[in-house]
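Residues in the sequence shown are numbered consecutively from 1, following full-length UniProt numbering.
Shown next, in structure tokens, is the structure this report addresses.
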Amino acid sequence: MDTLTTAPVALDSPAAPAATPGITPGQQTFIQNMQDQVGKFLSTKLDGPFQAFNYPSGFHKVLMVGNDGYYNPRTLLDIDKLVDEGQPLRLDPTATFSGMYAELINGAKFQFSKADAELIAQEEGDAQEVIPAILSAFTSEVEDFPAGTTNKVGYVYAWLQTNYAGNTDNLPPMYSELQNALGTYESKAVNSIRLNKELNDAMTRLAAAAANVTNPSAANGGLQTGATTWYPAYSLPDAQALSGSLETATNAVDVHLAISDFSSSSSQVSMSGYGSFGMGIADIFDFGGSGDAQYNSSQFSSSDAAMTIDINYPGVTTFSVSPVALSADNKTGWYDHDIVEGLMNNSGQDKTGYALISTTQYPVAEYFGTGKAFAHMRTFVLSQQPTITLTLSGSNSSQLSKDLTANANTEVDIMGLFHVGGSGSYQTHSIDDTSSQGSVTVTFGPTPDGSDPAGQVAYVMGGVVSYPPAS
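Here's what the structure looks like:
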């Protein structure tokens with residue numbers, strides 16, 4: 001049975017984690033516990049450090065829906081969401097990674113450094129006397145220039161690239177005059193030609209990346225979600241493998257909390273192997289009761305109270321994804337690591353390469369790097385919806401059974417960090433008040449999956465975040 005619990009170990013308790021702005025030391029300890037347990041359990045399956053997440057709406061676990069084999073657009077949207085930094089991390093409810101990528105691409109350019117720009121100007125000045133011969137030969141041997149053509153030499157080289165792989169040696173004898181003129185030009189403007197080819201290739205690649213991510217289709221490798229709809233392509237694992245892994249309930253992670261020493265506003269929370277810490281009673285848990293009533297742990301406290309909370313995450317598994325790379329011929333895929341790396345390293349700098357047109361609109365320091373805005377999940381850690389067992393003893397324990405109704409829908413918040421339930425996906429499974437010690441045990445768990453496969457969700461425990469271009 002592959003179950004990992006937080007049982008005591010013969011080692012010293014881990015040092016208290018560093019404080020994070022916006023959360024209490026107790027909350028940070030709970031997050032650290034989760035991250036440590038999952039990191040150990042999935043150590044051979046994770047492609048980076050595990051980080052706990054809060055994503056109450058859940059991960060739509062049915063990847064393919066309908067008889068036509070279309071991808072579930074809800075799953076693709078889950079995969080594509082931006083990571084919203086905080087503790088714990090969250091997935092942005094509206095913004096997507098592909099959407100931000102499209103914005104950055106549309107705000108990008110290919111620039112020359114001052115030194116390269118001066119080199120181009122010098123070489124083109126030296127070769128200026130040859131240009132009339134090139135233009136004359138082209139119009140006499142090939143075709144007239146389209147009306148409005150401003151960079152006629154560039155047009156000639158674009159034609160040469162399209163028809164003869166950009167190599168003047170490939171020109172047939174009927175273009176001998178053009179071949180001679182270009183040969184003379186190239187001997188005088190070697191670096192200018194090379195740099196302008198880089199510029200033309202880069203602008204073509206930017207245009208292809210923007211088109212493929214903005215208008216996904218069968219032709220550019222998009223994932224089909226309907227008869228006439230596609231989503232920007234991601235590389236995805238096997239759909240059946242995900243379903244089978246989630247159904248393996250013995251692949252579980254368990255977290256145990258013991259709460260004692262209640263006062264009017266605080267208590268001691270202990271976690272096996274992590275010592276204990278003080279925490280406000282109201283922050284330990286809250287849940288929905290009968291009707292619209294909401295309760296938190298402070299309402300059941302008393303001087304003789306004690307409480308345990310056991311959280312079981314069954315079917316723990318991983319689901320790794322990656323945006324499909326833009327192909328060398330620019331026809332399929334959409335993501336280009338080199339473009340993103342250039343945007344980070346060259347924007348606002350005197351360097352040749354891809355760069356953002358405006359670093360005021362897109363501040364590099366806010367978009368790229370660990371903890372920055374341009375981030376997505378590359379590996380999700382999923383489970384079935386967790387089962388939460390809460391046992392309360394003390395003079396107020398009977399009140400708990402009065403405020404809850406078996407099989408009624410509910411929502412539960414643990415430690416003010418992780419929300420479970422919503423949209424009728426969670427309920428009070430059982431209420432046991434028959435203990436001879438006078439304690440009450442309540443079990444919360446998921447409702448059965450609905451009849452619509454596209455809407456069925458797994459629980460997001462967290463995962464590994466990608467912060468391009470570094471990871």
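Note that the Cβ used here is the ideal one computed from N, Cα and C, for glycine as well.
Excluding the 5 residues flanking residue i on each side, which residues of the same chain have their C-beta closer than 7 Å to its C-beta?
| i | result |
| --- | --- |
| N312 | A252, D254, P386 and T387 |
| P17 | Confidence is the limiting factor: at P17 the pLDDT is only 41, short of 50, which leaves the residue's position unreliable and the question unanswerable from this model. |
| K109 | A355 and I357 |
| Q349 | none |
| S347 | A355, L356, T359 and V364 |
| A458 | G58, F59, K61, L246, L382, S383 and Q384 |
| A202 | F110 and Y354 |
| G315 | S245, L246, E247, T248, A249, N251, S383 and Q384 |
Starting from residue i, trace the alpha helix (DSSP H) both ways and give me its first and last residue.
| i | result |
| --- | --- |
| Q385 | Looking at the DSSP string, Q385 is not in any alpha helix (DSSP H), and its letter there is neither H nor E. |
| residue 480 | Residue 480 is absent from the model: the chain starts at 1 and stops at 471. |
| Q37 | P25 to F41 |
| K402 | S397 to D403 |
| Q203 | Per the sequence shown, the amino acid found at residue 203 is Met instead of Gln. Unbroken alpha helix (DSSP H) run through M203: V190 to T214. |
| D126 | K114 to D126 |
| Y157 | K152 to Y164 |
| G244 | A239 to L246 |
| S136 | I131 to E141 |
Report the residue from the options whose alpha carbon sits nearest the alpha carbon of residue i.
| i | options | result |
| --- | --- | --- |
| K40 | V381, V321, F110 and K188 | V381 |
| F50 | V364, S320, D433 and T434 | S320 |
| S401 | M34, D433 and N220 | D433 |
| N196 | L171, F112, E143 and T229 | F112 |
| G394 | D413, S436 and P237 | S436 |
| D310 | L392, S245 and G275 | L392 |
| L404 | D286, T308, S235 and Y362 | D286 |
| G274 | P323, A258 and A282 | Position check: residue 274 holds Tyr in this sequence, whereas Gly was assumed. Considering only alpha carbons, the answer is A258. |
| G154 | I134, P173, D169 and N170 | I134 |
| S439 | G66, E129, I414 and T389 | T389 |
| E177 | N151, V130, I23 and D283 | V130 |
| N215 | D126, G99 and G148 | G99 |
| D78 | A115, H256, Y234 and A202 | Y234 |
| G125 | F97, T96 and Y185 | Y185 |
| Y362 | V38, E103, T75 and T24 | E103 |
Report all residues from its chain with a CB closer than 8 Å to the CB of residue i; omit the five preceding and five following residues, and keep chain order.
| i | result |
| --- | --- |
| M64 | Y70, Y71, N72 and A239 |
| Q456 | H60, K61, V62, D449 and G450 |
| I105 | L206, A209, A210, V213 and I339 |
| T225 | Y70, Y71, N72, P73, L76 and Y231 |
Which residues in the same chain as residue i place their Cβ atom closer than 6 Å to its Cβ, once the five residues preceding and following it in sequence are excluded?
| i | result |
| --- | --- |
| W334 | A209, N212, V213, P232 and L326 |
| S260 | Q268 and A306 |
| R90 | N54 and D84 |
| G371 | E85 |
| D12 | Because the pLDDT of D12 is 32, which lies under 50, any placement of that residue in the model is unreliable, and the question is left without a value. |
| G445 | T387 and H429 |
| H337 | P469 |
| residue 472 | No answer is possible for residue 472: it lies beyond the span of the chain, which begins at 1 and ends at 471. |
The beta strand (DSSP E) that contains residue i, what's its start and end?
| i | result |
| --- | --- |
| residue 530 | The chain is shown from 1 up to 471; residue 530 falls before or after that span and cannot be answered. |
| A355 | G353 to L356 |
| T257 | Sequence check: residue 257 is Leu here, not Thr. Its beta strand (DSSP E) spans residues A252 to S260. |
| F287 | F285 to G288 |
| L91 | L89 to T96 |
| F110 | A108 to Q111 |
| A52 | Q51 to N54 |
| L236 | Note, L236: premise wrong, no beta strand (DSSP E); not H, not E. |
| F145 | Run containing F145: none; DSSP gives neither H nor E here. |
| K81 | K81 to D84 |
| M415 | Careful: M415 lies outside any beta strand (DSSP E) and carries neither H nor E. |
| N170 | Segment: none, N170 is in no beta strand (DSSP E) and carries neither H nor E. |
| Q294 | Q294 to N296 |
What are the residues that DSSP puts in a beta bridge with residue i?
| i | result |
| --- | --- |
| Y70 | V65 |
| P469 | None; P469 has no bridge partner. |
| Q427 | N409 and G445 |
| T317 | L382 |
| I105 | Looking at the DSSP assignment, I105 forms no beta bridge with any residue, so it has no partner. |
| Y335 | A325 |
| A219 | According to DSSP, A219 bridges with nothing at all. |
| M271 | L257 |
| Y231 | L223 |
Could one say the Cβ of residue i lies closer than 9 Å to chain D's Cβ atoms, at least one of them?
| i | result |
| --- | --- |
| Q179 | Chain labels in this structure do not include chain D; a single protein chain is all it has. |
- Stretch pair the segment 79-87 + the segment 368-380: three plus CB contacts closer than 8 Å: The segment 368-380 and the segment 79-87 touch, with three or more beta-carbon pairs separated by less than 8 Å.
- Item | Touch test, the segment 336-345 against the segment 450-470, Cβ-Cβ under 8 Å, three pairs minimum | Touching, per the Cβ criterion.
- Message: Below 8 Å, how does it come out for the segment 131-143 and the segment 172-184: are there three or more Cβ pairs, yes or no?
- Response: As far as the Cβ criterion goes, the segment 131-143 touches the segment 172-184, which means the pair count is three or higher.
- Query: At a cut of 8 Å, does the segment 48-62 reach the segment 449-468 through at least three beta carbon pairs?
  - Reply: Because the criterion of three Cβ pairs below 8 Å is met, the segment 48-62 and the segment 449-468 touch.
- Is the segment 293-302 in contact with the segment 362-372, if contact means three or more CB pairs nearer than 8 Å? Contact between the segment 293-302 and the segment 362-372 is absent: fewer than three C-beta pairs spanning the two stretches fall below 8 Å.
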